[in-house]
Amino acid sequence: MAQDDNGGKDITAADSSGLAHAEESAGLAVITRDALTDPGLPPHRARITDVDPKAEKRAERTVYTLFYLSIVGSIWAVAAYMLFPMESNNVGDVRLNNMFVGLGITLGLLAIGIGAVHWAKALMSDKEGIDVRHTTRGTEETRARAVEIFQEANEESGFGRRTLIRNTLIGALVAFPLPAVVLFRGLAPQGENPVELLSHTMWAKGTRLASDPSGAPIKASDVTLGSAFHVIPEGLTDLGHGEGYLEEKAKAVVLLMRLKPEDLHELPERAGWSYDGIVAYSKICTHVGCPVALYEQQTHHLLCPCHQSQFDVSNHCEVIFGPAARALPQLPIAVDDEGYLIAQSDFTEPVGPSFWERH
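In structure tokens:
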């Protein structure tokens, strides 16, 4: 028997005239004569925990033991991060750190999942129910019934009554984010202000622009019209590939392009930042720090392939499309006595995502 969406009142059955019409014109019948009957739900099968108090107690112990294991796993992940440091950049140390931290996080998450599933399967009520859809806002009676359903769910699940399971679950949920907090904190420089570090790069007055990755200095005559160079500061390669190299490169990497001078629309205060149509901009996208690596020489557009931000090189790399919030920082350049391109100074604003600009 059908029900409506307002209070669960029964809908009246079709009258006999409708049935007669269906019999006369079966091709247009709304009520078919061979309609399937509702088979109903199968007989309810009681679980062993429903009939055996010892089995119920055993299932309860299993659930809160799993939640305790989750807490242990989360704490172990934090401890392993400290006990197995990887600052030496030794492959063996990195492998141990990843393995033991990963095992701790796995135990923390897996034990919560298994414990919650076992709680639902073995201890919560498993009686079938039918939820009839209603309008977006029900009547006052419906809303009052919704409160009753929450109260019934609390009683059936035992969330309010099984305090040990509830408290261990809360403890596990509180503990499992801790490894992420510790790991992400470890990414920041220790004992230094990351905002200050990210506000400055290796670029300084007189630093030559060098090709990436060779480190060979670039002459202005080498930059042809429509070309694009991936550039690093000269001297960066002297750091080798040890500690500090990637950090400095990530901040200082630059894209160098040459346009027709008449195609550049420069602000008066930046008129001296380019040289004969050659301009240099940070390669780090101001959205989330992805590399802006694609240059369309016909349109003078730079494209970040990660999230599709586009920048207009002819107009100070202003954002013309995508989620980036500000233009790419420009590196002021000039030419020295030998014809090599050099930086006039460091960037005048922080590179990378806009978060750092707010500081």
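In this text, residue positions in the sequence shown follow this note's numbering: the first is 4, and each later residue adds one. Note that beta-carbon positions come from the ideal geometry of N, C-alpha and C, so glycine has one too.
For ASN100, the number of other beta carbons within 10 angstroms of its own is at least 16, and it is reported as buried. With contacts defined by Cβ atoms closer than 7 angstroms, ILE287 and VAL226 do not form a contacting pair.
For GLN313, there is no enclosing alpha helix (DSSP H); the enclosing beta strand (DSSP E) has its first and last residue at 313 to 315. With respect to the C-alpha of LYS130, the residue from GLU151, GLU155, LEU112, VAL150 having the closest C-alpha is GLU155.
An exposed status is given to GLU199, since fewer than 16 other beta-carbon atoms sit within 10 Å of its beta-carbon. Per DSSP, the continuous beta strand (DSSP E) segment holding ILE345 begins and ends at 344 to 346. Its Cα nearest to that of ARG188, the residue TYR84 stands out among HIS268, ASP53, TYR84, ASN93. The region 126 to 161 is shown to contain whole alpha helix (DSSP H) runs of 4 or more residues at 143 to 160, in chain order.
Straight across, the Cα-Cα distance linking PRO180 with SER317 is about 46 angstroms.
In the DSSP assignment, ARG165 forms no beta bridge with any residue. Contact between the region 334 to 353 and the region 206 to 217 is present: three or more C-beta pairs spanning the two stretches fall below 8 angstroms.
If you draw a straight line from the Cα of MET127 to the Cα of ARG64, it comes to about 14 angstroms. When the Cα atoms are used, SER73 and LEU112 turn out to be separated by approximately 7 angstroms. When C-beta atoms of the region 237 to 256 are compared with those of the region 295 to 310, fewer than three pairs fall below 8 angstroms, so the two segments do not count as touching.
Less than 7 angstroms divides the Cβ of SER77 from the Cβ of ALA178. Residue state for PHE103 is assigned as helix, using DSSP reduced to three classes. If you compare the alpha carbons of VAL185, LYS60, LEU228 with that of HIS121, the shortest gap goes to LYS60.
At a Cβ-Cβ threshold of 7 angstroms, ALA283 and LEU262 do not count as neighbours. A Cβ-Cβ contact shorter than 7 angstroms links HIS310 with PRO326. According to the DSSP assignment, VAL185 belongs to no beta strand (DSSP E) but to the alpha helix (DSSP H) extending over 181 to 189. By the neighbour-count criterion, in which a residue is buried when 16 or more other Cβ atoms sit within 10 angstroms of its Cβ, VAL354 is buried. Within the same chain, Cβ atoms closer than 8 angstroms to the Cβ of VAL256 are found at ASP215, HIS233, VAL234, ILE235, SER285, LYS286, ILE287, PRO294, the five residues on either side in sequence being excluded. For GLU63, there is no enclosing beta strand (DSSP E); the residue is part of the alpha helix (DSSP H) that begins and ends at 56 to 86. Apart from sequence neighbours up to five positions away, the residues of its chain that approach ASP96 with a beta-carbon distance below 6 angstroms are MET89, ordered along the chain.
Rounded to whole angstroms, GLY161 and THR52 show a C-alpha spacing of 14 angstroms.
Sequence-distant partners of CYS307 (beyond 5 residues in either direction) whose C-beta falls short of 6 angstroms from its own C-beta, in its chain, are CYS288, CYS293, VAL295. For ILE336 against TRP276, the beta-carbon gap comes to about 7 angstroms, under 8 angstroms, which counts as contact. The criterion of a C-beta distance shorter than 7 angstroms is satisfied by GLU321 and ALA330.
In the three-state DSSP reduction, LYS263 falls in the coil class, being neither helix nor strand.
If you draw a 10 Å sphere on the C-beta of HIS290, you find 16 or more other C-beta atoms in it, and that means buried. Listed in chain order, the non-local C-beta contacts of LEU176 below 6 angstroms within the same chain number zero, local neighbours out to five positions each way being set aside. Counting along the chain, the unbroken alpha helix (DSSP H) around ALA253 starts and ends at 248 to 255. It is roughly 43 angstroms from the alpha-carbon of THR109 to the alpha-carbon of ILE323. By a beta-carbon distance limit of 8 angstroms, PHE70 contacts LEU172. Their separation comes to about 5 angstroms. The three-state reading of DSSP puts SER214 in strand, counting E and B together. The bridge partners DSSP lists for PHE324 are GLN313.
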